[in-house]
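First residue of the sequence shown: 4, per our numbering; consecutive thereafter.
Just so you know, even glycine gets a beta-carbon here, dropped at the ideal spot from N, CA and C.
Bear in mind that the values here come from a model prediction, so they are computed numbers and not experimental data.
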Amino acid sequence: MARPTEPAPSYSKMRLLYEVYYGFRPSKPVFTPEDYPDLTGKTAIVTGCNTGIGLETVKQLYNKNCNVVMVVRTESKGIAARDAILKEYPESKGELNVVGGCDYSDLTLIKGAAQEIKEVLNDQPISIIIHNAGLMASFNNLTSEQGYELMFQTNDLGPQLLQHFLDPLFLKKDSALKRIVWVSSGAHLLGPKEYGIFWDNPTFKDAPIESRPAAAVLYGQSKSGNILQASAWAIKNKKIVDEINCVSTSCYPGNLNTDLQRDWSWIQRVLLSRLMWDGKYGAYSELFCALN
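Written out as structure tokens, the structure is:
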């Protein structure tokens, strides 16, 4: 991978500490469900949404009459989440459809998931895409089916490939609202200093496991990648992006109590759950980007 030509800006350890603190104690949200517009006739695609922040995001979209395509890895879990939302918001005029099998640990599965999304859409315009699915592992030895470090593949390569297949459906002047949200994290500051990426071999393909840095650093790299993706995608597609008035942005949802920490020890989960906010606050961040 080509290295950037401009040197990365420096940041202090105090800045890192501030970002960590801010993730646990953010400002009061200023754009919440009562501020959201009616989304009748609008369609959103949300990945990783059978639990956690993604689930809360789908709830709020559907509550505003949005048609939502719920893209998940395990179809049965997506259906269970959909049924719970339908029961919670019986007055909504929106639709919920589940597309399963979108497992970013194997890139060969993504094209099939994208084809199913296309079939579900049935030519409906796409207004919002939220790349919410992600992995935060406690170990640095996880490897994908393609031989890549798993967090980088799950958090960066998978969403990028899915977006590639969605671009022909999304990059059209067919809706007044056009937004893409790439969900990042303040953990991007834990990545390497050069824009957060190991440019020589970010996937650690064919590299010995022992050569990999700590899991937190690998996670930081993947979240740096999300920030870069938001910008790079818009630059690559600048002409049509400008024509359709599309916004592509990354967001830091905060340090929240969700299933993202599912492989942590029970002691870690108990201790940090006392410091973390509910997942709905992450949905507020994602929907600020998608709707404000």
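Here the alpha carbons of LYS196 and TYR14 stand approximately 9 Å from one another. Around GLU9, the same chain offers no residue with a beta carbon nearer than 8 Å, after the five sequence neighbours per side are excluded. If you check the CB distance, LEU290 and THR54 do not come in under 8 Å. Ranked by how close their Cα comes to the Cα of PRO216, the residues PHE168, ALA140, TYR284 and ALA286 have ALA140 in first place.
If the five residues before and after LYS62 are omitted, its C-beta is found closer than 6 Å to the C-beta atoms of ILE88, all from its own chain and listed in chain order.
From the listed residues GLU22, LYS114, GLY161 and CYS52, the smallest Cα separation to PHE168 is found for LYS114. Burial state of ASP109 is exposed, judged by a 10 Å Cβ sphere holding fewer than 16 other Cβ atoms. Taking 8 Å as the upper bound for CB-CB distance, ALA11 and ILE133 are not in contact here, some 28 Å apart.
Under DSSP, MET17 takes part in no beta bridge, so it has no partner. In this structure the stretch 76 to 85 does not lie against the stretch 123 to 132, because fewer than three pairs of beta carbons, one per stretch, are closer than 8 Å. In terms of Cα proximity to SER253, the closest of ALA237, SER178 and ASP41 is ALA237.
Per DSSP, the unbroken alpha helix (DSSP H) holding HIS167 starts and ends at 161 to 173. DSSP lists no bridge partner for VAL75. Using a Cβ-Cβ distance cut-off of 8 Å, the stretch 165 to 183 and the stretch 241 to 253 are in contact, since at least three pairs of beta carbons, one from each stretch, lie closer than that value.
Of the residues PRO256, GLY189, LYS226 and VAL71, the one whose Cα lies closest to the Cα of VAL23 is GLY189. The DSSP-derived three-state label of THR8 is coil.
Below 8 Å, too few C-beta pairs join the stretch 204 to 218 and the stretch 23 to 36 to call them touching: fewer than three. Within the same chain, and ignoring the five residues on either side of ASN295 in sequence, the residues whose Cβ sits closer than 6 Å to its Cβ are PHE34.
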